[in-house]
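Novice: One structure, as C-alpha cells, below. Some questions next.
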Amino acid sequence: MSISRSDKFYFPRGDLVLQVENTLFRLHQDILARHSGFFEDMFSTPTSDDTEGTEENPLVLPSALCSARSFTVLCKILYPAKMGCRPAISVKRVAEWEPILRATVALQMTDTRTMILTRLNEDIINIKSDTARLLRLYLDYEEAPASLGSACLRILACRRKQITPDEVRILGDEGTCLVTHVREAVRESLSFHLIRTLQRNKDSVSSQHTECIPSAFSRMLRSPGDKGSQKTNVDDMDNIFHAALSYMGCNACSSQWKLAVESFKSLSAKIVDRSHKEVPPADTSQA
Numbered sequence: 001m002s003i004s005r006s007d008k009f010y011f012p013r014g015d016l017v018l019q020v021e022n023t024l025f026r027l028h029q030d031i032l033a034r035h036s037g038f039f040e041d042m043f044s045t046p047t048s049d050d051t052e053g054t055e056e057n058p059l060v061l062p063s064a065l066c067s068a069r070s071f072t073v074l075c076k077i078l079y080p081a082k083m084g085c086r087p088a089i090s091v092k093r094v095a096e097w098e099p100i101l102r103a104t105v106a107l108q109m110t111d112t113r114t115m116i117l118t119r120l121n122e123d124i125i126n127i128k129s130d131t132a133r134l135l136r137l138y139l140d141y142e143e144a145p146a147s148l149g150s151a152c153l154r155i156l157a158c159r160r161k162q163i164t165p166d167e168v169r170i171l172g173d174e175g176t177c178l179v180t181h182v183r184e185a186v187r188e189s190l191s192f193h194l195i196r197t198l199q200r201n202k203d204s205v206s207s208q209h210t211e212c213i214p215s216a217f218s219r220m221l222r223s224p225g226d227k228g229s230q231k232t233n234v235d236d237m238d239n240i241f242h243a244a245l246s247y248m249g250c251n252a253c254s255s256q257w258k259l260a261v262e263s264f265k266s267l268s269a270k271i272v273d274r275s276h277k278e279v280p281p282a283d284t285s286q287a
C-alpha cells in the first residue's frame, strides 16, 4: 500500500504525524486535543516510545474510527483556509456528511457534530429533498436541533405519498414505526374532527349538500397508491393540505370547507408536535 502525504494538511511545523488509511497528516496536538476528547485522552496518556507520532512511526488512526476522506473534511473544519470559512454543509449533500458525523462520535468531537447538525437544520428550504435521512440523523444524535426533528416529522406525516421502501431502509425500524404511527394518528384525528364538525352543523346543512365536505375530505386524505385514486396534477410529495381547496366542487360549501381545512392544518400540527415531544432523546454517548 502506497502511503502519501495529505496535500493540504501536512504542516511543516506540526508536532504529530497521523496515518489514516494510506494518508499521512501532520497536525498539532494542541488543536486536536482542544476539539476532540479522543485525542485529548490519548495525549494525556504517557508513552515510552519517543518516536511515536513521527513520519518514521506515525500514529495510526484505525479506519474503523474514521476514513481518510472523513478526516480530511474534519481537518477543513479545524484548519479553515480563511478566517470563518467552513465547508459547505447542505441538505442536498447530507449523505456525504453521514460518515463524517459518525467520525465525530468516534473521535468525541461534540462541538463539531453540533455545528454540522445545526447547519443542516438551517438549510430548512431543502429539508423536503431528503427528509427521511434527516429524521434518521435527528433520532441518532442528541445534538440535533429539536426543530429539525419536528420539521421532518411534519413533512413525512402530512405528505400525500406513503413512505417508500427506500425511506423505510433509511429510517430503520424505529423511524419507520414513528412516522407510520404519526401518519395514522393525523389521519384518524382529522376523521374524528370531521365527524364531530358535521354532527355539530347537521341542522344547518341542506340534504343536497351533506356529501360535499365528506367527499372533499376523502379526496384530501387519499394517497396516490390507494385503490380508486385518480391521477392528478398534484405533486405526491406535497402535504395533504396543499391542494385541498381544489377538491371542493360546490361553491355553496367552499367557504365552510376552507375553514375546515384551516382547522385540519392546526390540528395536524398539534398532533405532530405532541408525537415529537414523546420521542425519547438520542444518546450519542452510546454510539
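In full-length UniProt numbering, the protein residues as written are 1 to 287. Every residue, glycine too, gets a C-beta built ideally from N, C-alpha and C.
Sort A282, S275, F9, P165 by Cα distance to A157 and report the nearest one.
Specialist: Answer by Cα proximity: S275.
Novice: How about the stretch 84-93 and the stretch 30-49: do they share at least three Cβ pairs that are nearer than 8 Å?
Specialist: No, because fewer than three Cβ pairs between the stretch 84-93 and the stretch 30-49 fall closer than 8 Å, the two stretches do not touch.
Novice: Buried or exposed: V60, going by 16 or more other Cβ atoms within 10 Å of its Cβ?
Specialist: Exposed.
Novice: Among V73, L267, R169, which residue has its Cα nearest to the Cα of E192?
Specialist: First, the residue type needs correcting, since residue 192 is Phe and not Glu in the sequence shown. Here the closest residue by C-alpha is L267.
Novice: Does R26 come out as helix, strand or coil in the three-state DSSP assignment?
Specialist: Reduced to three states, the DSSP call for R26 is strand.
Novice: Does the pairing of the stretch 177-188 with the stretch 243-262 give three or more beta-carbon distances under 8 Å?
Specialist: In short, these stretches do not touch, since the Cβ pair count stays below three.
Novice: Only counting the same chain, and skipping five residues up and downstream in sequence, which positions put a Cβ closer than 6 Å to that of L107?
Specialist: Around L107: S36, F38.
Novice: Once you ignore the five residues that flank S70 on each side, which residues in its own chain have a CB closer than 7 Å to its CB?
Specialist: Contacts found: P99, I100, A103.
Novice: Between the stretch 106-125 and the stretch 155-174, are three or more C-beta pairs nearer than 8 Å?
Specialist: Taking 8 Å as the limit for Cβ pairs, the verdict is that the stretch 155-174 does not touch the stretch 106-125.
Novice: Using beta-carbon positions only, say whether A171 and A132 come within less than 9 Å of one another.
Specialist: For the sequence presented, residue 171 should be read as Leu rather than Ala. The answer is yes: Cβ separation under 9 Å.
Novice: Can you say whether A287 is buried or exposed, counting buried as having 16 or more other CB atoms within 10 angstroms of its CB?
Specialist: Low confidence applies here, because A287 scores a pLDDT of 48, under 50, leaving its location unreliable; read the following figure in that light. Classification of A287: exposed, given that the 10 Å Cβ count is below 16.
Novice: Which word fits residue 344, buried or exposed, when buried means at least 16 other C-beta atoms lie within 10 angstroms of its C-beta?
Specialist: Since the first residue of the chain shown is 1 and the last is 287, residue 344 is not available in this structure.
Novice: Is it buried or exposed, E278, if we count other Cβ atoms within 10 angstroms and call 16 or more buried?
Specialist: Exposed is the call here.
Novice: Taking Cβ positions, are Y141 and R113 nearer each other than 9 Å?
Specialist: Closer than 9 Å, so yes.
Novice: Rounded to a whole number of angstroms, what is the C-alpha to C-alpha distance between I195 and E174?
Specialist: Rounded to whole angstroms, I195 to E174 spans 32 Å at the Cα level.
Novice: Taking only runs of the alpha helix (DSSP H) that begin and end inside the UniProt domain "BTB" (14-87), which ones reach a length of at least 4 residues, in chain order?
Specialist: Correct list: 29-35, 37-43, 68-78.
Novice: Among L245, D130, D50, A64, whose alpha-carbon lies nearest the alpha-carbon of K92?
Specialist: If we check each option's Cα against that of K92, D130 comes out closest.
Novice: Grouping DSSP H, G and I as helix and E and B as strand, with all else coil, what is R102?
Specialist: R102 falls in the helix class under three-state DSSP.
Novice: Taking contact to mean 3 or more Cβ pairs, one atom from each stretch, closer than 8 Å, check whether the stretch 52-66 and the stretch 8-21 are in contact.
Specialist: The stretch 52-66 is in contact with the stretch 8-21.
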